[in-house]
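So the sequence shown is numbered by the working numbering: it starts at 63 and just counts up by one.
All C-beta atoms, glycine included, are put in the ideal place defined by N, C-alpha and C.
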Amino acid sequence: MALVTSKEMFEKAYAGKYAVGAFNVNNMEIVQAITEACKEEKAPVILQVSKGARAYANHTYLVKLVEAAVIECPEIPIVLHLDHGDSFETCKSCIDGGFTSVMIDASSKPFEENIEITRKVVEYAHARGVVVEAELGALAGVEDEVNVSAESAHYTRPEEVEEFVSRTGCDSLAIAIGTSHGAYKFKPGTNPQLRFDILEEVSKKLPNFPIVLHGSSSVPQDYVKMVNENGGKMPGAIGVPEEQLRRAAELAVCKINIDSDLRLAMTGTIRKFYNEHPDKFDPREYLKPARANIKELVRHKLINVLGCNGKA
Ligand code: G3H
Ligand code: 13P
Ligand code: ZN
């Protein structure tokens with residue numbers, strides 16, 4: 063199967079009350095871990111590339127790695143998506159360069175400006191068979207180089223979503239209901255709670271329209287412990303409870319973005335490996351268990367959080 067857009071994936075996910083996982087990719091081992099788990103579990107998948115990933119690994123290398131995964135995993139549909147496109151130019155470059163889906167994130171701009179830039183990206187993308195994710199509302203946390211403070215973060219206003227979607231023509235909408243980027247999402251000792259009332263209001267205003275959740279890592283405490291026990295320092299790292307993501311996936315949420323959890327699995331595994339084998343210096347020896355642990359973590363997400371196993 064060639065690369066696909068997320069159109070059919072989202073239609074099936076909405077009707078089937080599950081979500082597709084969108085995992086960030088930065089190198090070969092991460093691409094392999096995600097796609098091998100999806101292939102074994104027969105799950106559709108979105109591989110997403112941030113501006114930072116393109117700066118780190120180079121656009122061509124990332125596209126070719128994803129194309130290799132398409133060849134190795136012909137049984138499953140794979141989307142290549144730009145995560146947090148910051149401008150028309152970045153989106154254009156990905157649309158021209160083989161992506162099947164882009165996100166234009168103008169959520170930090172005023173409403174009218176967000177509409178204007180999103181509509182421009184949609185016109186360019188749709189004319190070339192590419193789909194567009196947009197965002198309304200602002201998540202706290204770090205996205206690429208932008209650090210959104212908790213004070214300037216705000217929830218999506220349900221009264222704005224209909225006008226935004228009809229005027230922009232976007233294909234999916236990321237909303238802010240209490241998730242946030244990175245490994246420090248909630249204050250230790252508090253009770254993390256997503257705003258399901260906002261999600262339900264939004265989905266009433268946009269029937270059958272796919273909603274996206276960013277910042278949806280759950281920050282597995284086993285990996286936080288592994289990091290901290292092996293020379294790392296990540297006190298108070300906390301994520302979104304997995305049961306709440308599962309509930310969101312049964313509602314209008316069709317795409318759930320997960321990046322930090324994979325980073326934690328990789329870093330924890332590598333730290334542990336070096337602590338236990340101070341004499342080793344072959345990168346393959348530490349990347350192999352890191353890749354294996356990411357794969358098992360992705361498998362767990364597919365089955366227990368997203369519910370998209372067996373849906374390819
Ligand atoms: O939302 C951001 C993603 O986790 C990508 O992070 O910009 O550090 O590549 P990055
Ligand atoms: P996390 O930091 O929670 O993994 O979120 C990733 C994300 O939203 C990528 O766009
Ligand atoms: Zn994000």
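Review point. Taking residue 309 as the reference, which of 369, 106, 134, 123 has the closest Cα?
Key: 369
Check your understanding: Taking contact to mean at least 3 C-beta pairs separated by less than 8 Å, is the stretch 229 to 244 in contact with the stretch 186 to 200?
Key -> yes
Practice item. Jot down the residue ranges of each uninterrupted beta strand (DSSP E) in the stretch 255 to 318, minimum 3 residues, whole runs only, in chain order. Key: 273 to 275
Practice item. Would you check whether ligand 3 has a heavy atom nearer than 7 Å to the C-beta of residue 284? Key: no
Exercise for review: Would you list the one or two residues that DSSP bridges to residue 216?
Suggested key: 200
Review point. In this structure, does DSSP put residue 131 in helix, strand or coil?
Key: helix
**Study point:** Inter-residue CB distance, residue 127 and residue 115 (contact presumed, cutoff 8 Å)
**Key:** So it is not a contact: roughly 11 Å between Cβ atoms.
Exercise for review: Using alpha carbons as the reference points, say which of 343, 347, 311 lies closest to residue 78.
Suggested key: 311
**Study point:** For residue 239, three-class secondary structure by DSSP
**Key:** coil
Review point. Helix, strand or coil: how does DSSP classify residue 137 here?
Key: coil
Review point. Looking only at DSSP bridge pairs, what is residue 143 linked to?
Key: 110, 163
Check your understanding: Per DSSP, which one or two residues make a beta bridge with residue 83?
Key -> 107, 318
Practice item. Could you tell me which residues DSSP puts in a beta bridge with residue 4? Key: Because the chain spans 63 through 374 in this model, residue 4 falls outside it and cannot be assessed.
Check your understanding: Any chance the CB of residue 380 is under 7 Å from a heavy atom of ligand 1?
Key -> The chain is shown only over 63 to 374; residue 380 falls outside these bounds and no answer can be derived.
Check your understanding: Sorted by chain position, which residues of the same chain lie with C-beta nearer than 7 Å to residue 299's C-beta, five sequence neighbours on each side aside?
Key -> 245, 246, 281, 286
Review point. Which residues bound the alpha helix (DSSP H) around residue 71?
Key: 69 to 78
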